[in-house]
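Sequential numbering from 411 applies to the sequence shown in the working numbering. Quick reminder that beta carbons are idealized off the backbone N, C-alpha and C, glycines included.
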Amino acid sequence: KHETKDIIESLKKVTVNHRLLRMGIVMPDRSVITTDGKIIRLPDRLYIRDALKGKSSVSERLTDIVDGGTIIVYGAPIYSSDWKKVEAVLFGTFSIEEYHASLTTNAFDGNGYSYVVKKDGSAISASDNAVGGYEIDNIIDALIQDDSANKEAAKTLKNGMLSGLQGHIEFICSNENGKPVKKYMYY
Numbered sequence: 411k412h413e414t415k416d417i418i419e420s421l422k423k424v425t426v427n428h429r430l431l432r433m434g435i436v437m438p439d440r441s442v443i444t445t446d447g448k449i450i451r452l453p454d455r456l457y458i459r460d461a462l463k464g465k466s467s468v469s470e471r472l473t474d475i476v477d478g479g480t481i482i483v484y485g486a487p488i489y490s491s492d493w494k495k496v497e498a499v500l501f502g503t504f505s506i507e508e509y510h511a512s513l514t515t516n517a518f519d520g521n522g523y524s525y526v527v528k529k530d531g532s533a534i535s536a537s538d539n540a541v542g543g544y545e546i547d548n549i550i551d552a553l554i555q556d557d558s559a560n561k562e563a564a565k566t567l568k569n570g571m572l573s574g575l576q577g578h579i580e581f582i583c584s585n586e587n588g589k590p591v592k593k594y595m596y597y
């Protein structure tokens with residue numbers, strides 16, 4: 411227990427430096443110790459199940475059980491000293507506003523933007539400067555809806571993401587004047 415308190419104190423610095431709402435450790439019984447002093451019991455959530463199986467993950471948009479706000483949570487396994495057993499889960503919680511801001515990039519003269527999506531294309535989040543300032547429900551559907559010429563690019567993106575591949579596509583989207591513009595997406 412003394413070791414856990416020392417770890418939580420160290421995580422407080424990480425929380426501040428990375429603009430997180432909180433970080434914490436989830437024990438296998440779902441009891442939680444957090445950097446903001448909240449003692450909670452988390453419901454069964456996919457990012458916890460994944461981390462307990464040894465897989466780091468990012469949650470979908472969730473409702474924060476502490477304050478009711480919208481959050482995104484990163485979860486990662488904490489292994490035993492011999493790396494044979496997952497003993498707990500380390501998590502970091504972003505408010506949705508901070509998460510959007512963290513994705514914003516100045517790349518490409520401020521014209522670059524980011525989307526975080528699941529393998530099926532379902533949107534989790536977007537940078538503050540994402541196209542049109544709106545969030546999409548599904549990136550693959552959005553490509554096709556924006557211009558029917560994007561069907562092949564959408565198919566390539568979908569197959570690549572489902573297969574866990576990296577790559578890029580070229581696609582057409584309308585600019586602020588409604589004129590078609592060629593863009594590139596990396597996944």
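- Closest in C-alpha terms to S512, from the list D519, L456 and S524, comes S524.
- Less than 8 Å separates the beta-carbon of I450 from that of I475.
- Bounds of the beta strand (DSSP E) holding Y489 are T480 to Y489.
- Note that the C-beta distance between L431 and F518 is not below 8 Å.
- By the criterion of a C-beta distance shorter than 6 Å, V526 is surrounded in its chain by I534 and S535, once the five residues flanking it on both sides are discounted.
- Under DSSP, the beta-bridge partners assigned to R451 are S441.
- By the criterion of a C-beta distance shorter than 6 Å, S490 is surrounded in its chain by E497, once the five residues flanking it on both sides are discounted.
- DSSP, reduced to helix, strand and coil, places V496 within a strand of the structure shown.
- Here L575 is exposed: its Cβ has fewer than 16 other Cβ atoms, across all protein chains shown, within 10 Å.
- Rounded to whole angstroms, V442 and C583 show a C-alpha spacing of 45 Å.
- Apart from the 5 residues on each side of it in sequence, M437 sits with its Cβ closer than 7 Å to the Cβ of A498 in its chain, given in chain order.
- In the same chain as V591, and ignoring 5 residues on each side of it, the C-beta atoms closer than 8 Å to its own belong to I582, C583, S584 and N585, in chain order.
- Take the alpha-carbon of A559 and the one of K565: they are about 11 Å apart.
- In summary, T473 is exposed, with fewer than 16 beta-carbon neighbours lying within 10 Å of its beta-carbon over all protein chains present.
- Per the coordinates, the alpha-carbon of H510 lies some 12 Å from the alpha-carbon of R429.
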